[in-house]
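A.B. asks: The sequence shown lines up with residues 43 to 288 when you count with the working numbering. Where a beta carbon is used, it is the ideal one built from N, C-alpha and C, also for glycine.
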Amino acid sequence: MSRSSVLKISSGSAVQVENFRQSLFNEAENLFSTYIPLKIVQLDALLRDDALSITDMSSLQAPLDIPIPDPPSPEDEEMETDKNEDEEKKKKKKAPKCGFIKGNEKIMMLLERVKPEIVALRETIITVSCWIQHLIPKIEDGNDFGVAIQEKILERITAVKTKVDSFQTNINKYFSERGDAVGKASKDTHVMDYRSLVHDKDEAIFSEIRVIVLDIRGFYAELYDIISKNIEKVTNPKGEEKPSMY
């Protein structure tokens, strides 16, 4: 004999959950009425900032405090051929003849401005997703067009979140790859290509940073547009009664 299950929730817990829901709805209202439009304007201004409007990529190059060795004399080359394998191994283990090598300060300053924007967008995405989830009505037959719209928006938000998560991965990859290039440049000081590779990494991440800011601005604009166009179906998917805006 089957028996239906009843989820028992204390009145105190129910009140706490309802308070959270109201807080979430208020936060969502603030996001679309104030926060997101302001973010779009701020990011647009950031893209126009001189720091992100560099056209001469050579100005991004950071000095590499790595000494360039003199070409070996004929005597040194002759002595080199007489060295045994043990001496060769010792030479390879020697520390590079250079001091502390700083990162690219211009890139670091840009990242300090952009990384908080990545975090802010991720938090906004999570809040909007949670808000829409709380607006999805009980599953039942019929009149589910509004629910379908909610689900489509959530699918798009999930795709955006995946893209935003890759931003930090790309930044971490820059530090890793640039560090490897600097390490090679400091070890093989006579190979100029490694120095060029370091500068190439800086130029590439600058372009990536600008694209990240463009994407963040675009995602905010898209989110605002899709919600404002479908606000009635998002907040009242069944169309059963006239609710408050949020």
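Out of SER228, THR211 and HIS176, which has the shortest C-alpha to C-alpha gap to ILE254?
C.D. replies: If you number the sequence shown from 1, residue 254 lands on position 212. Closest by alpha carbon: THR211.
A.B. asks: Around the C-beta of PHE187, are 16 or more other C-beta atoms found within 10 angstroms, so that it is buried, or is it exposed?
C.D. replies: Translated into the one-based positions of the sequence shown, residue 187 becomes position 145. Exposed is the call here.
A.B. asks: Measuring CA to CA, which of LYS194, PRO109 and LEU66 is closest to ASN272?
C.D. replies: Residue mapping note: residue 272 aligns to position 230 of the sequence shown, counting from 1. When each option's Cα is compared against that of ASN272, the closest is LYS194.
A.B. asks: Is the Cβ-Cβ distance between TYR262 and ILE78 less than 8 Å?
C.D. replies: Along the sequence shown, one-based indexing puts residue 262 at 220. Along the sequence shown, one-based indexing puts residue 78 at 36. Yes; because the gap between Cβ atoms is below 8 Å, this pair is in contact.
A.B. asks: In or out: ARG259 buried (at least 16 other Cβ within 10 Å) or exposed?
C.D. replies: On the sequence shown, residue 259 is found 217 positions in, with the first residue counted as 1. Buried, by the Cβ-count rule.
A.B. asks: Under three-state DSSP, which class holds PRO285?
C.D. replies: Against the sequence shown, residue 285 aligns to sequence position 243. Reliability of the predicted coordinates at PRO285 is poor, the pLDDT of 47 falling under 50, and the value obtained from them is presented with this limitation in mind. DSSP places PRO285 in coil when its eight states are reduced to three.
A.B. asks: When the Cα atoms are used, what is the spatial distance from ASN146 to GLY221?
C.D. replies: Within the sequence shown, the letter at position 104 stands for residue 146. Within the sequence shown, the letter at position 179 stands for residue 221. Distance between the alpha carbons of ASN146 and GLY221: 11 Å.
A.B. asks: Return yes when the Cβ of LEU102 is within less than 8 Å of the Cβ of GLU197, no when it is not.
C.D. replies: Within the sequence shown, the letter at position 155 stands for residue 197. Within the sequence shown, the letter at position 60 stands for residue 102. Cβ atoms of GLU197 and LEU102: not closer than 8 Å.
A.B. asks: Beta carbon of HIS232, beta carbon of PRO158: below 8 Å?
C.D. replies: Here the question's residue 232 lines up with position 190 in the sequence shown. Here the question's residue 158 lines up with position 116 in the sequence shown. No, the pair does not count as a contact, with Cβ atoms beyond the cut-off.
A.B. asks: Which whole-angstrom value describes the C-beta separation of PRO279 and GLN175, a residue pair presumed to lie in contact below a C-beta threshold of 8 Å?
C.D. replies: Counting from one through the sequence shown, the residue named residue 279 turns up at place 237. Counting from one through the sequence shown, the residue named residue 175 turns up at place 133. So it is not a contact: roughly 12 Å between Cβ atoms.
A.B. asks: Which one of LYS203, LEU177, ASN68 and VAL156 has the shortest CA to CA distance from GLU165?
C.D. replies: Taking the sequence shown and counting its residues from 1, the one referred to as residue 165 is at position 123. If we check each option's Cα against that of GLU165, LYS203 comes out closest.
A.B. asks: Excluding sequence positions up to five away, which residues of its chain have a Cβ less than 6 Å from the Cβ of LYS275?
C.D. replies: Your numbering for residue 275 matches position 233 in the sequence shown. So the list reads GLY188 and ILE191, once near-sequence residues are dropped.
A.B. asks: Below 8 Å between beta carbons: does that hold for LEU49 and TRP173?
C.D. replies: Translated into positions along the sequence shown, residue 49 becomes position 7. Translated into positions along the sequence shown, residue 173 becomes position 131. Not closer than 8 Å, so no.
A.B. asks: Are ILE247 and ILE149 closer than 8 Å when you measure CB to CB?
C.D. replies: Start at 1 with the first residue of the sequence shown, and residue 247 comes out as number 205. Start at 1 with the first residue of the sequence shown, and residue 149 comes out as number 107. In this structure, ILE149 lies closer than 8 Å to ILE247 by Cβ.
A.B. asks: Please confirm whether VAL206 and ILE167 have their CB atoms less than 8 Å apart.
C.D. replies: Counting from 1 along the sequence shown, the entry for residue 206 is found at position 164. Counting from 1 along the sequence shown, the entry for residue 167 is found at position 125. Taking 8 Å as the Cβ cut-off, VAL206 and ILE167 qualify as a contacting pair.
A.B. asks: Is the distance from the Cβ of LEU237 to the Cβ of LEU106 below 8 Å?
C.D. replies: For this step, residue 237 is matched to residue 195 along the sequence shown. For this step, residue 106 is matched to residue 64 along the sequence shown. Per the sequence shown, residue 237 should be read as Arg rather than Leu. Their beta carbons are under 8 Å apart, which means ARG237 touches LEU106 by this criterion.
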